[in-house]
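Residue numbers (the numbering used here): 1226 to 1530. Glycine included, C-beta positions come from ideal geometry on N, C-alpha and C. Being a predicted model, the structure only gives us computed values, none of them experimental.
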DNA sequence: CTATAAACCTGCTGGC
DNA sequence: TGCCAGCAGGTTTATA
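Here is the structure:
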């Protein structure tokens, strides 16, 4: 669920609340949540470090610390960062009742930054500046940056036989889109999820570029999309769900043409679209399924850990 | 290069 | 009402 907008929204909140503070202590309740280095070293290195800045790259949260170290946080499916006020009883900062709290950072002003994650997929890593770029080296274009232009997108798609939907989800191509925003982007651009990347026309590429940008910006503006568990720093749900056009709306009428929206499986993930506004290119030869699902390709690669 | 499947985990849903 | 198979989505890894 946390995709670029959800991560960006929390990054902005963290930037306004914890920059300038120092870490007093760290408690790791689920060692495997620490991807690098080992949990013991992680806990030993952090106390005393001051938080210099907070950034985002793709779906990663980057917390720059004094001592040339950077905290990399990836929320994966169900991870959330919550900030709690200083406890009245300073001694009890660690005994957070929530059983899903995997890592707890105690700030020097008594507040607690907690990483909660029911599914245990989320990861936190600590890298020295010298290894940071290597750790993030596998990521593709940052969709809200200046490098993401229609031309850059065109170059990415050129010669690719892959279906467009899996390509959009591939973090080594474009970094930050997840299932929700990929579906929303394709709908906005009027492109069927099974279209082969290389077959998109210049006009379609331009539309897709604009759609990706718009959909992500709107997501951020609305505090992200909450379906299962995304919450912001204060535990608040995002409001973007009310602004989605196709995701999780199978069977409901298309907002543009009224036709029933469809859900199929593409690359082992659900894909939602409007069969009218997003016509299937080469549906001809195929057996012509209906609404259920149909296997199709995918792939994706990315960062280590 | 592209596609497929399984794994990592656990809460929630649907069906019986 | 209760139990369980199956689903969900981000990423990695192994295999066609």
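As assigned by DSSP and simplified to three states, the class of residue i
{"i": "residue 1301", "result": "coil"}
{"i": "residue 1452", "result": "coil"}
{"i": "residue 1435", "result": "helix"}
{"i": "residue 1441", "result": "helix"}
{"i": "residue 1487", "result": "strand"}
{"i": "residue 1330", "result": "strand"}
{"i": "residue 1266", "result": "helix"}
{"i": "residue 1279", "result": "strand"}
{"i": "residue 1353", "result": "strand"}
Pair within 7 Å by beta-carbon distance, residue i and residue j
{"i": "residue 1278", "j": "residue 1289", "result": "yes"}
{"i": "residue 1352", "j": "residue 1295", "result": "yes"}
{"i": "residue 1287", "j": "residue 1339", "result": "no"}
{"i": "residue 1234", "j": "residue 1449", "result": "yes"}
{"i": "residue 1311", "j": "residue 1281", "result": "no"}
Residue i classed as buried or exposed, judged by whether at least 16 other C-beta atoms fall within 10 angstroms
{"i": "residue 1231", "result": "buried"}
{"i": "residue 1453", "result": "exposed"}
{"i": "residue 1474", "result": "buried"}
{"i": "residue 1456", "result": "buried"}
Span separating the alpha-carbon of residue i from that of residue j
{"i": "residue 1429", "j": "residue 1416", "result": "8 Å"}
{"i": "residue 1488", "j": "residue 1284", "result": "25 Å"}
{"i": "residue 1345", "j": "residue 1257", "result": "8 Å"}
{"i": "residue 1427", "j": "residue 1495", "result": "27 Å"}
{"i": "residue 1423", "j": "residue 1382", "result": "5 Å"}
{"i": "residue 1361", "j": "residue 1485", "result": "41 Å"}
{"i": "residue 1347", "j": "residue 1368", "result": "22 Å"}
{"i": "residue 1480", "j": "residue 1470", "result": "7 Å"}
{"i": "residue 1389", "j": "residue 1419", "result": "6 Å"}
{"i": "residue 1324", "j": "residue 1343", "result": "8 Å"}
{"i": "residue 1476", "j": "residue 1334", "result": "51 Å"}
Close-in-space but distant-in-sequence residues of the same chain around residue i (CB under 8 Å, 5 per side omitted)
{"i": "residue 1244", "result": "1276, 1277, 1278 and 1279"}
Neighbourhood of residue i by C-beta distance below 7 Å, restricted to the same chain and skipping five residues each side
{"i": "residue 1447", "result": "1463, 1464, 1465 and 1468"}
Cβ-based neighbour list, residue i, same chain, cut-off 6 Å, excluding 5 preceding and 5 following
{"i": "residue 1251", "result": "1268, 1271 and 1330"}
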